[in-house]
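Reading through the structure tokens given below for one structure.
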Amino acid sequence: MLRNDGIAVDCPSQQDVDKILERIGNNPSFQEEIQPISIKKHLPKCIVYSIEPEFTEEQMEAALLQSLGDVHKDLKVFPIKRRTCKTHWVFQTPVYIYRQLRKRQKLTID
Numbered sequence: 004m005l006r007n008d009g010i011a012v013d014c015p016s017q018q019d020v021d022k023i024l025e026r027i028g029n030n031p032s033f034q035e036e037i038q039p040i041s042i043k044k045h046l047p048k049c050i051v052y053s054i055e056p057e058f059t060e061e062q063m064e065a066a067l068l069q070s071l072g073d074v075h076k077d078l079k080v081f082p083i084k085r086r087t088c089k090t091h092w093v094f095q096t097p098v099y100i101y102r103q104l105r106k107r108q109k110l111t112i113d
């Protein structure tokens with residue numbers, strides 16, 4: 004939901020963002036009407052359930068690298084403790100890897 008009749012523009016690169024901002028900056032009528040606001044993009048999160056508690060963060064990253072191949076530099080992995088003796092692992096991943104996982108609907112971890 005956008006406030007104040009706003010529009011959202013998703014640009015593939017920072018150069019495209021800069022071009023749009025330059026156009027707004029060069030046109031006085033745009034400057035009065037348009038207020039550009041940058042938002043931080045969040046990566047999708049996935050959860051791997053019921054992993055043994057001895058499984059380390061390094062092992063999880065290695066398993067993701069082996070299973071997914073190209074792991075993004077922004078990959079973030081962290082555990083969530085469960086009431087039982089198992090652990091859940093949450094990881095953030097780029098959209099293209101998230102879509103691959105959704106197609107497969109499984110992740111193999113040795």
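Per our numbering, the sequence shown starts with residue 4, numbered consecutively. Think of the CB as a built atom: it goes at the ideal place given N, C-alpha and C, for glycine as much as any other residue.
Compute the distance between the beta-carbons of residue i and residue j, then report whether it is under 8 Å.
i: I27; j: Q34; result: yes
i: Q95; j: L78; result: yes
i: I112; j: V51; result: yes
i: S53; j: L110; result: no
According to DSSP, which residues form a beta bridge with residue i?
i: F81; result: V93
i: K109; result: Partner(s): none; K109 has no beta bridge.
i: C14; result: Looking at the DSSP assignment, C14 forms no beta bridge with any residue, so it has no partner.
Leaving aside the five residues before and after residue i along the sequence, list all residues of the same chain whose C-beta is less than 7 Å from its C-beta, in chain order.
i: K84; result: T90
i: F81; result: V93
Spatial neighbours of residue i within its chain, please: C-beta separation below 6 Å, excluding the five flanking residues on both sides.
i: V20; result: C14
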